[in-house]
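Scroll down for the structure; my scribbles are underneath it.
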Amino acid sequence: MLDREGFRPNVGIILLNARNQVFWGKRLRTHSWQFPQGGIKQGESPEQAMFRELHEEVGLRPEHVRILARTRDWLRYEVPEHFIRKDARGHYRGQKQIWFLLKLMGRDSDLDLRATDHPEFDAWRWNDYWVPLELVIEFKRDVYQMALSELARFLPRINPHNRYLRGGMRSRGFDEMPHGRSTELGAALPPLVRPDVRREGSGDGEAASGDGLSRPPER
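According to the working numbering, the sequence shown is numbered sequentially starting from 32.
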């Protein structure tokens, strides 16, 4: 389903824990890390698509989360031509996304990367809100900057009496994280990127069939 400009409607998910850290997933059999995201099917609202993708990719259901905010407009990124099927080139340009900020109301144990027969991630971790964008595939980085910047003002206030935060708590290093271990998790992370505020306007357009994708990184 493409709009008249060649963009496929899509949702992105920023999932927070109680310390305002974000869920960070490693794509299956790759070295690429990203937030959950996926296409909006015909007849779905962005919110319906978000809850479906949330379950398919990380195993959570609506009762496990609370919606804190969403982006006001579509945020767009173009996909490089070599990621697009030859028969779709000239029609498919990329993704336009509505991003949701969610708070996990359940437990870490509610997360399940194998909730469906077609998993997207093979490892995960909690990361500081300003994620290391150098680990995101390059053509998605601007959209990540825009989404994180727009939604940052909706971050919940952290309870100062939380026992994990008393006296201040430094961010854990990559090797110290108890969740999402994989063979790639030994190296140090690059510096965190704090983006400038940028955004794009909306544009639904008419839908057309076909998404033009040839491989998974731009999902």
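Note that CB positions come from ideal geometry on N, CA and C, so glycine has one too.
{"Asked": "Contact set for I129: own chain, Cβ-Cβ below 7 angstroms, skip 5 residues either direction", "Found": "V42, P77, R101, T102 and W105"}
{"Asked": "Where R225 sits in the DSSP three-state scheme", "Found": "With a pLDDT of 35 at R225, under the threshold of 50, the modelled position of that residue is not reliable, and no figure is offered here."}
{"Asked": "Residue ranges of each beta strand (DSSP E) within the segment 53 to 115, 3 or longer", "Found": "53 to 58, 68 to 70, 96 to 101 and 106 to 109"}
{"Asked": "Pairwise C-alpha distance: R172 and R138", "Found": "29 angstroms"}
{"Asked": "Span of the beta strand (DSSP E), counted from its first residue to its last, around L142", "Found": "Here L142 belongs to no beta strand (DSSP E), and DSSP marks it neither H nor E."}
{"Asked": "D153 beta carbon less than 8 angstroms from that of L142", "Found": "no"}
{"Asked": "Beta-carbon proximity of F131 to I98, cut-off 8 angstroms", "Found": "yes"}
{"Asked": "Unbroken alpha helix (DSSP H) run spanning R172, endpoints", "Found": "R172 to L182"}
{"Asked": "Other residues of its chain near W64: CB distance less than 6 angstroms, five sequence neighbours each side excluded", "Found": "W55, K57 and L166"}
{"Asked": "Rounded separation between E112 and M177 - CA only", "Found": "23 angstroms"}
{"Asked": "Beta bridge counterpart(s) of W301 as assigned by DSSP", "Found": "Outside the displayed span of the chain (32 to 250) sits residue 301, for which this structure offers no information."}
{"Asked": "In DSSP terms, what F38 is bridged to", "Found": "G125"}
{"Asked": "Cβ-Cβ distance between Y108 and V162 below 8 angstroms", "Found": "no"}
{"Asked": "Rounded straight-line distance, which links the Cα of D159 to that of F205", "Found": "Any reading at F205 needs caution, since the residue's pLDDT is 36, under 50, leaving its predicted position unreliable; the model's value is listed next. Answer to the nearest angstrom: the Cα atoms are 11 angstroms apart."}
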